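Under the numbering used here, think of the first position of the sequence shown as 27, with each following residue one higher.
Worksheet: the structure to be examined is printed underneath.
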Amino acid sequence: MKKLFNYINDFCLYLECEKGLAKTSILAYRSDLNHAKKYIVFHKSLQDSVNQFFNYLVTNSLSSYSIKRKLSVLKMYLKYLSDESILSEEIVFNFQLRSEQKLPFILSKKEIELFFDYIKRQNLKTKYRDIAIIECLYSLGCRVSELLSLTLKDVLNSKQFIRIKGKGSKERLVPYSDSLKSFINDYVEHERSKVNVFNQTALFLNQYGKKMTRFAIYQLIKYYSAISNIKGVSPHVFRHSFATHLLEGGARLKEVQMLLGHNHISSTQIYQHLSKSHLRKAYLLAHPRVTL
């Protein structure tokens with residue numbers, strides 16, 4: 027039983043080759059399995075070990091979402107071992123967790139404009155690139171991994187829609203606005219064309235002509251969040267704001283689901299709750315008879 031986690035590399039290869047999962051997803055799966063490997067204490071039965079691991083997760087103040095994700099990855103891994111005839115013991119994952127729905131943090135439309143205003147005031151060599159990056163995150167509602175997969179060819183050949191390469195190699199079309207085109211054209215003309223690109227096809231490059239990393243995007247957003255004094259901003263906040271503002275503007279839930287690339291509409295419904303929360307807040311602040 028102690029050799030249970032000797033097959034993580036094989037499992038990750040299976041996820042890549044047979045399931046077609048993105049590298050970022052596979053890294054997350056590997057991280058969760060390494061966490062389980064570190065904290066699972068082996069008993070006479072694997073079921074007892076898994077039960078104790080669940081208790082450990084609950085008592086360490088993890089969110090319901092994190093616990094469910096870690097258990098889901100472990101369950102998938104054990105099923106893989108069973109299918110490969112490596113594991114014979116059948117494990118029951120019948121754990122009960124208190125329902126928890128944490129609404130994602132979003133920026134108001136005014137905060138979005140303020141954020142862009144602060145960037146435009148900066149006198150940085152990468153100002154055009156930074157504006158284009160944040161405009162992509164907000165106007166396309168894309169994930170950081172999807173942003174980094176954009177190529178120069180993608181944007182130059184696009185007219186009304188941009189093809190976004192999402193999770194599991196799935197693609198979706200998102201409208202390409204004139205304002206976003208303008209920001210990207212400014213970046214390509216004034217900055218990207220002036221660096222040695224080393225035959226890079228990626229749209230967004232650092233000052234040395236190399237493809238930007240996820241960490242660099244996070245640091246960029248963190249920097250502008252600090253100087254604008256708009257706290258709590260991360261790259262994914264722009265995706266949350268994109269979806270919520272679309273619903274507030276009258277878009278249908280199914281349409282937003284397609285634009286976000288969600289497989290299940292239940293993943294999109296949380297933004298409907300956010301939209302309603304925004305409406306209630308506006309009502310409470312503005313209606314003259316709200317205190318009656």
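Virtual Cβ for every residue (Gly too), placed ideally from N, Cα, C.
Since the structure is predicted, the reported quantities are computational estimates derived from the model, not experimental observations.
Distance, residue j Cα to residue i Cα
i, j, result
"residue 41", "residue 59", "13 Å"
"residue 106", "residue 31", "12 Å"
"residue 194", "residue 171", "12 Å"
"residue 46", "residue 34", "16 Å"
"residue 54", "residue 216", "37 Å"
"residue 178", "residue 231", "10 Å"
"residue 263", "residue 256", "12 Å"
"residue 198", "residue 190", "5 Å"
"residue 43", "residue 56", "15 Å"
"residue 131", "residue 90", "18 Å"
"residue 73", "residue 64", "17 Å"
"residue 66", "residue 39", "23 Å"
"residue 253", "residue 114", "56 Å"
"residue 52", "residue 291", "23 Å"
"residue 143", "residue 267", "17 Å"
"residue 122", "residue 183", "50 Å"
"residue 274", "residue 176", "28 Å"
"residue 156", "residue 79", "43 Å"
"residue 280", "residue 169", "19 Å"
"residue 70", "residue 77", "12 Å"
"residue 318", "residue 289", "Because the pLDDT at residue 318 is just 41, under 50, the model does not fix this residue reliably, and the value given afterwards should be weighed accordingly. Answer to the nearest angstrom: the Cα atoms are 44 Å apart."
"residue 94", "residue 282", "25 Å"
"residue 251", "residue 224", "31 Å"
"residue 84", "residue 116", "23 Å"
"residue 162", "residue 173", "7 Å"
"residue 49", "residue 135", "33 Å"
"residue 97", "residue 261", "27 Å"
"residue 139", "residue 110", "53 Å"
"residue 241", "residue 220", "23 Å"
"residue 112", "residue 88", "30 Å"
"residue 196", "residue 145", "32 Å"
"residue 276", "residue 149", "37 Å"
"residue 86", "residue 222", "49 Å"
"residue 68", "residue 62", "11 Å"
Beta-carbon proximity check, residue i vs residue j, cutoff 7 Å
i, j, result
"residue 237", "residue 226", "yes"
"residue 192", "residue 287", "yes"
"residue 103", "residue 37", "yes"
"residue 324", "residue 285", "Past the edges of the chain, shown from 27 to 318, lies residue 324, and the structure says nothing about it."
"residue 265", "residue 167", "yes"
"residue 234", "residue 270", "no"
"residue 212", "residue 164", "no"
Reference residue i, options the options, closest by Cα
i, options, result
"residue 214", "198, 228, 281, 72", "228"
"residue 187", "174, 206, 196", "206"
"residue 118", "131, 129, 63, 100", "100"
"residue 202", "145, 218, 185", "185"
"residue 295", "129, 152, 49", "129"
"residue 159", "120, 239, 149, 86", "239"
"residue 5", "218, 29, 272, 61", "The question about residue 5 has no answer here: the residues shown for the chain are numbered 27 through 318."
"residue 272", "247, 133, 243", "133"
"residue 249", "75, 141, 204, 293", "141"
"residue 120", "243, 81, 204", "81"
Three-state secondary structure assigned by DSSP to residue i
i, result
"residue 188", "strand"
"residue 201", "strand"
"residue 269", "helix"
"residue 136", "helix"
"residue 239", "coil"
"residue 163", "helix"
"residue 41", "helix"
"residue 277", "coil"
"residue 152", "coil"
"residue 294", "helix"
"residue 229", "coil"
Distance cut-off 6 Å: residue i Cβ against heavy atoms of the ligand FMN
i, result
"residue 197", "No copy of the ligand FMN occurs in the structure displayed, which carries no ligand at all."
Query raised in the report: Enumerated in chain order, which unbroken segments of the alpha helix (DSSP H) with a length of 4 residues or greater are wholly contained in the segment 51–109?
Result: 72–85, 90–109
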